[in-house]
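S.K.:
Chains as they are written, first to last, in the numbering used here: chain D, 1 to 224; chain Z, 1001 to 1224.
1. Thinking just about the alpha-carbon of each residue, which of 1213(Z), 1182(Z), 1160(Z) is nearest to the one in residue 1143(Z)?
2. Which residues in chain D sit within 7 Å of residue 1118(Z), going by Cβ to Cβ distance?
3. Counting only beta-carbon separations shorter than 8 Å, does residue 1044(Z) have a partner in chain D?
4. Strictly by DSSP, which residues pair up with residue 1101(Z)?
5. Mind checking residue 197(D): buried by the 16 CB within 10 Å criterion, or exposed?
6. Name the chain D residues that come within less than 8 Å of residue 1138(Z), Cβ to Cβ?
7. Strictly below 8 Å CB to CB, what residues from chain Z border residue 141(D)?
8. By the three-class DSSP mapping on this structure, what secondary structure does residue 1109(Z) have?
9. Measure the alpha-carbon distance for residue 57(D) versus residue 72(D) and round it to whole angstroms.
10. With a cut-off of 8 Å on the beta carbons, I'd call residue 1090(Z) and residue 1051(Z) a contact; round off their distance for me.
11. Would a C-beta distance cut-off of 8 Å place residue 127(D) and residue 99(D) closer than the cut-off?
12. Taking the C-alpha atoms as reference points, what is the distance between residue 1063(Z) and residue 26(D)?
13. Helix, strand or coil for residue 1139(Z)? Go by DSSP, reduced to three states.
14. May I have the straight-line CA-CA distance separating residue 149(D) from residue 1171(Z), to the nearest angstrom?
15. Distance cutoff 8 Å, beta carbons only. Does residue 1166(Z) sit that close to anything in chain D?
16. Give the C-beta separation of residue 111(D) and residue 1193(Z) to the nearest angstrom, bearing in mind that I take them to be a contact with Cβ-Cβ under 8 Å.
17. Which residues of the stretch 204 to 216 of chain D have a Cβ closer than 7 Å to any Cβ of chain Z? Give them in chain order.
18. Taking only beta-carbon positions, decide if residue 114(D) is within less than 8 Å of chain Z.
19. Is residue 1033(Z) closer than 8 Å to residue 1083(Z) when the C-beta atoms are compared?
20. Leaving out five residues before and five after residue 122(D) in sequence, what residues of the same chain have Cβ atoms less than 8 Å from its Cβ?
21. Determine the extent of the beta strand (DSSP E) in which residue 1160(Z) is found, giving its start and end residues.
22. Distance, Cα to Cα, residue 1061(Z) vs residue 1208(Z)?
23. Along chain Z, which residues have their Cβ under 8 Å away from the Cβ of residue 121(D)?
24. Within 10 angstroms of its Cβ, does residue 1105(Z) collect 16 or more other Cβ (buried), or is it exposed?
25. Going by DSSP in three states, residue 83(D) sits in which element: helix, strand or coil?
26. Where does residue 3(D) fall in DSSP's three states?
27. Comparing the C-beta of residue 161(D) with each C-beta of chain Z, is any distance below 8 Å?
28. Would you list the one or two residues that DSSP bridges to residue 976(Z)?
29. Using beta-carbon positions only, say whether residue 137(D) and residue 14(D) come within less than 8 Å of one another.
30. Going by CA-CA distance only, name the one from 201(D), 206(D), 200(D) that's closest to residue 186(D).
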């Protein structure tokens, strides 16, 4: 069983939001979350583990999951943690993941997306914040605890957003196009449409949890 | 010029997320935000007003906007408020809107979506919270300030989520499938996948700002 390195989670959001050629480009290991498990198998990926109540799967679909995944953790429909949270725990706790990249977390139901976005605010998950990313075809979402950081620009992303998910103190954006200096941020806000001025972006803050989104427009967005 | 009632804003998110037959079903009045203005005109809707820097529009597109909209508010690319925020101010302040429904606010760039989601946390906009909704093909997002409420179930929506956007006190979900009683919520969280037990859902809380999402699965989500 694989240990360490990056684990990829596929949750049940719409395929339309996946990065192009997701399952060919990202080799694995993969963990399936609920219907995401079936989608991995349909794309000829054998997940190392699967988490979910699987109550939306038809009987033959569930059998297909059982045939293809050794480590299945069946969750209860009424539970304190979401399937995605459980999968994050399994990846870090049982498989010793260094990094967890979550796909299929955007689009569709926004209560699901926000549950995924806010995972890192839960006390049990906060310590993993800078090792979790949510990735879709237009956005890479990463998370930061207080400190000083230098962020690397992704080649295909033009926009940079700083999004305090809680109140945070002394936010400084040091070399971005639009800068801030020791700004107190009293409530969640999306400081969107900033840009890198070079290959990296430097920032720091003192308290709270900061989300950073690198994003791009799609061809469709510009031309539809 | 129309006054009062519901004003509809169209912002620039992907059409794929619009409710079906949006511009036929929602008669207006409409306010266009940046590229949303052009999309309204392309759908034979004459917006009462348009807000944006319009810097992503080609010259003929901008001319088309100018020919079709009397009340154009050109914003600066570097500004303290987003175009959507300005449009909300124009609708409530200049047009006396009772309610503002925002379409095109989801999908695509998530820094934009979160900027729209967090508008009601801004002190200048908080008083409008319960008169603003974000609507897409699967989600209706509404906002609440402290109080006691009875929410009406939308016929096509199965899921109900309560999403404190700040810490909130004494959250009670009184007659929903999964109930809470005087629960303190210390940080933003998406209490997702709840359900109505009848035609209405009763809830109350004492402090902070609460977002409520009614959502549905799509046919594609179940069968893709």
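Where is the CB? At the ideal position from N, CA and C, for every residue including glycine.
M.R.: On the basis of the data shown:
1. With distances taken between Cα atoms, residue 1143(Z) lies closest to 1213(Z).
2. 188, 189, 190
3. no
4. According to DSSP, which records beta bridges pairwise, residue 1101(Z) is partnered with 1008(Z), 1133(Z).
5. exposed
6. What residue 1138(Z) touches in chain D: 108, 109, 110.
7. 1110
8. coil
9. 14 Å
10. Correct: roughly 6 Å between the Cβ atoms.
11. no
12. C-alpha separation (whole angstroms): 45 Å.
13. In the structure shown, residue 1139(Z) sits in a strand (DSSP, three-state: E or B).
14. 36 Å
15. yes
16. 7 Å
17. 213, 215
18. yes
19. yes
20. Taken in chain order, the residues that qualify are 85.
21. Per DSSP, the unbroken beta strand (DSSP E) holding residue 1160(Z) starts and ends at 1159 to 1164.
22. 42 Å
23. 1187, 1188, 1189
24. buried
25. Here DSSP, grouped into helix, strand and coil, assigns residue 83(D) to helix.
26. coil
27. Taking Cβ atoms only, chain Z reaches closer than 8 Å to residue 161(D), which makes this a yes.
28. Residue 976(Z) is absent from the structure shown; chain Z starts at 1001 and stops at 1224.
29. no
30. 206(D)
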